[in-house]
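Residue numbers (my numbering), protein chains in the order written: chain S, 133 to 536; chain W, 133 to 536.
Beta carbons: idealized from backbone N, C-alpha and C, even for Gly.
In this text the structure is predicted, and so the values were computed from the model without any measurement.
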């Protein structure tokens with residue numbers, strides 16, 4: 133009987149993707165069946181790379197897995213072909229068969245849910261009895277049909293906390309300055325908008341936030357800065373890496389046109405471009421700061437709520453697969469009421485994959501330069517709670533995969 | 133009688149400069165005399181900006197001051213003239229006189245110790261009875277006659293922790309990549325060398341570290357990377373912003389030649405330059421990351437030892453001024469023995485100011501690409517302990533100066 137489990141991680145790392153992995157392994161190991169992990173996602177698995185998680189499950193370091201950032205099993209960016217007759221599907225399912233896989237759980241974002249959907253379609257079309265479930269993960273928070281995604285709360289906490297710390301740093305000087313902070317987010321501004329949670333008093337920094345949901349105008353940006361420079365000494369701005377000009381092109385498009393396996397442009401440099409433009413326009417100190425990879429990999433900034441929910445999503449995925457579900461993604465539904473509470477649900481992965489959820493336009497206020505209280509009410513509960521890190525010589529300890 | 137206290141902060145912010153401020157205010161308030169704070173250091177004070185710290189001392193937020201990053205009182209970069217007959221000295225001492233200042237304590241790095249030294253020389257030459265003491269602060273750790281400086285341990289913790297997290301992130305992919313991380317440090321590599329504390333297993337990243345103590349060669353750098361790329365998939369490199377070529381010029385010198393009030397070149401961009409050079413040479417993904425301002429302003433990464441010692445240094449400065457000392461800087465002496473312990477001492481600020489302490493060359497190993505165990509033995513104890521932050525809605529609370 134095919135009763136074994138297989139789990140994989142895909143896409144960009146997050147501070148809590150391993151928390152979901154922990155939930156999946158812990159829940160699946162209870163069944164007594166073998167629990168395998170793909171090394172480097174579906175791409176590594178196709179090349180025969182996987183591990184048995186039994187040793188990890190029994191090791192003392194397993195308890196550090198939920199607080200270990202990045203992907204313990206390794207990740208990939210690999211898109212399955214549209215043609216279900218492609219050889220690659222037979223290869224994947226042959227490997228499933230060899231390992232007697234009854235349940236496959238894939239943790240990831242939009243593109244990973246596309247993989248879940250295609251594998252599920254192939255299995256159904258071929259009459260193969262395997263349950264395939266997606267567990268969401270993305271700091272971008274851009275998945276449909278779920279209140280939010282694991283990873284977002286921690287990354288948002290990183291952004292909000294860093295903006296608050298940067299503000300204190302920059303405000304220490306009394307000479308005018310402009311600081312432009314670039315935050316991840318290709319098409320959705322959820323993460324950049326977390327900069328709005330940093331201010332502590334009226335007119336505190338950051339005072340301008342630019343999201344990819346609206347068209348970006350360099351002229352308006354300079355006007356906005358000019359207005360703020362009349363009101364305050366330092367002007368701190370948060371911009372999304374994905375801000376686009378009226379011609380539809382990314383602000384950074386001319387500078388960097390590398391493309392990844394999904395056809396995504398490798399984005400960076402918008403803040404640097406705006407730094408140069410601001411330097412030319414205003415006779416003040418200008419600095420661009422890219423939050424870069426740390427916003428998605430800082431365990432120290434993980435949200436306790438996020439870690440807990442990520443574990444829960446993993447467990448729920450295993451339980452629902454055992455109940456016979458397939459082609460579904462674990463989703464969060466927020467309960468009504470003042471107290472923040474969620475419950476898990478299953479949603480159709482075919483609807484979710486390749487779609488994007490952006491910030492409602494009526495949450496974007498002040499002529500496109502900030503977000504409303506609705507955003508804060510929505511996002512703030514997801515940042516609550518501190519992670520239970522284990523420290524050794526002042527540095528956090530993590531759970532490492534043996535790479536020999 | 134001139135018995136009041138005046139305290140100021142100067143130079144680049146650090147995660148614990150406010151911990152020293154806390155120690156100074158708390159200790160000085162006990163005497164019952166007034167304790168004033170310069171707003172924006174000596175420069176702001178010359179313009180008449182100062183505050184009475186009595187209200188702060190009595191407020192509940194005072195207990196959050198030691199864990200508040202950056203300079204609560206504001207900072208400046210202002211160099212006093214060499215000519216003691218300059219009008220500026222009379223102006224400063226007139227203001228001291230108006231406020232009946234008997235003790236002035238200045239928290240800062242090299243340049244701030246220069247200010248302490250010059251003011252002390254003026255006071256002694258003019259027969260003015262005022263005690264002037266320096267309390268060290270610099271993430272660069274480049275002050276002479278002290279085992280280390282407050283601020284270094286926290287910033288080193290930020291660097292080591294971030295390198296460990298970045299390594300996990302980058303290692304999630306199995307395609308070759310080069311990541312170049314730029315760390316602060318004009319002439320001394322103490323902070324960049326903290327990257328050496330991150331690796332957890334043999335051959336872990338970061339695997340190459342370049343310090344400003346040695347001449348930097350782009351050709352050797354590319355050779356070093358080439359060798360590492362044959363051994364491992366991802367190569368993570370830490371470089372100091374201040375690395376210099378054989379011709380004596382900074383690697384980044386052509387790109388950015390802005391100069392601050394001390395004649396320091398505004399440095400940034402070495403990692404970006406090496407990213408471009410590496411991209412041209414190797415057909416792999418290359419990424420430059422500047423740790424930027426967060427390495428000196430992250431309260432979340434503060435070291436418990438560093439916070440505690442910074443408070444201690446402040447208290448000790450007040451006590452020693454009350455004992456009649458002047459023209460001295462508080463220094464740390466490490467006790468002999470396996471257990472890490474320090475005691476405070478006073479050193480002559482005239483010797484310390486404008487000098488720099490760099491890493492001993494025999495601590496730099498592996499053909500100039502790493503640091504030895506001596507560095508780890510020296511630095512690791514300074515990272516110990518986590519800060520006692522107060523959180524609200526998932527974000528750290530800080531102590532804010534009323535800026536109305």
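Grouping DSSP H, G and I as helix and E and B as strand, with all else coil, what is residue 432 of chain S?
Numbered from 1 along the first chain, position 300 holds the residue referred to as residue 432 of chain S. Three-state DSSP puts residue 432 of chain S in coil, outside helix and strand.
Is residue 516 of chain S helix, strand or coil when you go by DSSP?
Translated into the one-based positions of the first chain, residue 516 of chain S becomes position 384. Residue 516 of chain S falls in the coil class under three-state DSSP.
Using a C-beta cutoff of 9 Å, does residue 385 of chain W count as contacting chain S?
For the purposes of this step, residue 385 of chain W is identified with residue 253 of the second chain, where counting begins at 1. So no, residue 385 of chain W is outside the interface.
So if DSSP puts residue 369 of chain W in a beta bridge, which residue, or which two residues, is it bridged to?
By one-based count along the second chain, residue 369 of chain W stands at place 237. The partner list for residue 369 of chain W (beta bridge, DSSP) reads W:312 and W:340.
According to the neighbour-count rule (16 or more other Cβ atoms, all chains shown, within 10 Å of its Cβ), is residue 192 of chain S buried or exposed?
The residue you call residue 192 of chain S lines up with position 60 of the first chain. Counting Cβ neighbours within 10 Å, residue 192 of chain S comes out exposed, since fewer than 16 surround it.
Give the residues of chain S in contact with residue 523 of chain W, contact being defined as C-beta atoms less than 7 Å apart.
One-based indexing of the second chain puts residue 523 of chain W at position 391. By Cβ distance, chain S contributes 518.
What are the boundary residues of the beta strand (DSSP E) that residue 348 of chain W is part of?
Reading the second chain from its first residue, position 216 is the one you call residue 348 of chain W. Per DSSP, residue 348 of chain W belongs to no beta strand (DSSP E) and is neither H nor E.
Where residue 171 of chain S falls: helix, strand or coil (DSSP)
Here the question's residue 171 of chain S lines up with position 39 in the first chain. Of the three classes helix, strand and coil, the one that applies to residue 171 of chain S here is coil, per DSSP.
For chain S, is any of its Cβ atoms less than 9 Å away from the one on residue 413 of chain W?
To locate residue 413 of chain W, count along the second chain from 1; it is residue 281. Not closer than 9 Å to any Cβ of chain S, the Cβ of residue 413 of chain W fails to qualify, so no.
CA-to-CA distance, residue 480 of chain S to residue 336 of chain W, given in whole angstroms
Stepping through the second chain from its first residue, residue 336 of chain W is reached at position 204. Stepping through the first chain from its first residue, residue 480 of chain S is reached at position 348. Approximately 41 Å, taken between the alpha carbons.
Count the other C-beta atoms from every protein chain shown that fall within 10 angstroms of the C-beta of residue 377 of chain W, then say buried if there are 16 or more, exposed otherwise.
What you label residue 377 of chain W is simply residue 245 of the second chain in a count that begins at 1. So residue 377 of chain W ends up on the exposed side.
Taking 6 Å as the limit between beta carbons, can you name the residues of its chain near residue 159 of chain W, skipping five residues before and five after?
The count along the second chain starts at 1 and reaches residue 159 of chain W at position 27. The residues are 447 and 450.
Between residue 156 of chain W and chain S, is any beta-carbon pair separated by less than 9 Å?
Looking up residue 156 of chain W in the second chain gives position 24. False, the Cβ-Cβ gap to chain S never drops below 9 Å.
Could you list the residues in the stretch 134-145 of chain S with a C-beta less than 7 Å from some C-beta on chain W, going in chain order?
145
If the cut is a Cβ gap below 8 Å, which residues of chain S does residue 433 of chain W touch?
Here residue 433 of chain W refers to the residue found at position 301 of the second chain. Those within 8 Å of residue 433 of chain W in chain S are 432.
Please say whether residue 225 of chain W and residue 138 of chain W have beta carbons closer to each other than 9 Å?
Walking along the second chain from the start, residue 138 of chain W turns up at place 6. Walking along the second chain from the start, residue 225 of chain W turns up at place 93. In this structure, residue 225 of chain W does not lie closer than 9 Å to residue 138 of chain W by Cβ.
Please state whether DSSP places residue 362 of chain S in a helix, a strand or coil.
Reading the first chain from its first residue, position 230 is the one you call residue 362 of chain S. If DSSP states are grouped into helix, strand and coil, residue 362 of chain S belongs with the helices.
Pair within 9 Å by beta-carbon distance, residue 472 of chain S and residue 503 of chain S
Position 340 of the first chain, counting from 1, holds the residue named residue 472 of chain S. Position 371 of the first chain, counting from 1, holds the residue named residue 503 of chain S. No, Cβ-Cβ distance for residue 472 of chain S and residue 503 of chain S is not below 9 Å.
So which of W:442, W:435, W:183 and W:370 has the shortest CA-CA distance to residue 419 of chain W?
Here residue 419 of chain W refers to the residue found at position 287 of the second chain. The candidate whose alpha carbon is nearest that of residue 419 of chain W is W:370.
Mind reading off the beta-carbon distance from residue 416 of chain W to residue 312 of chain W? Whole number of angstroms is fine, and I expect it under 8 Å.
Against the second chain, residue 416 of chain W aligns to sequence position 284. Against the second chain, residue 312 of chain W aligns to sequence position 180. That pair is no contact at about 12 Å.
At a Cβ cut of 9 Å, what residues of the stretch 264-286 of chain W count as close to chain S, listed as they run along the chain?
285
May I ask you to list, following chain order, the residues of the stretch 475-508 of chain W that have a beta carbon less than 7 Å from some beta carbon of chain S?
none
Using a cut-off of 8 Å between C-beta atoms, extract the partners of residue 176 of chain W located in chain S.
Looking up residue 176 of chain W in the second chain gives position 44. The contacting residues are 306.
In the structure shown, what three-state DSSP assignment does residue 192 of chain S receive?
One-based indexing of the first chain puts residue 192 of chain S at position 60. Three-state result, residue 192 of chain S: helix.
Taking the alpha carbon of residue 212 of chain W as the reference point, which residue from W:245, W:195 and W:232 has its own alpha carbon closest?
Position 80 of the second chain, counted from the first residue, corresponds to residue 212 of chain W. The shortest Cα separation from residue 212 of chain W among W:245, W:195 and W:232 belongs to W:245.
So what does residue 422 of chain W bridge to, in DSSP terms?
Numbered from its first residue, the second chain carries residue 422 of chain W at position 290. Bridge partners of residue 422 of chain W: W:314.
Run through the DSSP bridge pairs and tell me what residue 237 of chain W is partnered with.
Start at 1 with the first residue of the second chain, and residue 237 of chain W comes out as number 105. W:139 and W:265.
Flag residue 237 of chain S as yes if its beta-carbon sits less than 9 Å from any beta-carbon of chain W, otherwise no.
Counting from 1 along the first chain, the entry for residue 237 of chain S is found at position 105. Taking Cβ atoms only, chain W never reaches closer than 9 Å to residue 237 of chain S, which makes this a no.
Using a C-beta cutoff of 9 Å, does residue 168 of chain S count as contacting chain W?
Counted from its first residue, the first chain places residue 168 of chain S at position 36. Output row for residue 168 of chain S: interface = no.
Roughly how many angstroms separate the alpha carbons of residue 239 of chain W and residue 439 of chain S, rounded to a whole number?
Within the second chain, the letter at position 107 stands for residue 239 of chain W. Within the first chain, the letter at position 307 stands for residue 439 of chain S. For residue 239 of chain W and residue 439 of chain S, the distance between alpha carbons rounds to 40 Å.
Comparing the C-beta of residue 201 of chain W with each C-beta of chain S, is any distance below 9 Å?
Stepping through the second chain from its first residue, residue 201 of chain W is reached at position 69. Yes, residue 201 of chain W lies at the interface with chain S (some Cβ there is under 9 Å from its Cβ).
Residue span of the beta strand (DSSP E) that contains residue 477 of chain W, given as start and end
Start at 1 with the first residue of the second chain, and residue 477 of chain W comes out as number 345. Where residue 477 of chain W is concerned, the enclosing beta strand (DSSP E) stretches over 474-480.
Taking its Cβ as the centre, do 16 or more other Cβ atoms sit within 10 Å of residue 248 of chain W, making it buried, or is it exposed?
Translated into positions along the second chain, residue 248 of chain W becomes position 116. Per the 10 Å Cβ criterion, buried.
Neighbour-count burial assignment, residue 554 of chain W, 16 or more Cβ in a 10 Å radius:
No statement about residue 554 of chain W is possible, as the shown extent of chain W runs from 133 to 536 and does not include it.
Between which two residues does the beta strand (DSSP E) holding residue 460 of chain S run?
Translated into positions along the first chain, residue 460 of chain S becomes position 328. 460-466 is the span of the beta strand (DSSP E), which, as asked, contains residue 460 of chain S.
Inter-residue Cα distance where the pair is residue 242 of chain S and residue 320 of chain S:
As a working mapping, residue 242 of chain S is identified with position 110 in the first chain. As a working mapping, residue 320 of chain S is identified with position 188 in the first chain. Between residue 242 of chain S and residue 320 of chain S, the C-alpha separation is close to 12 Å.
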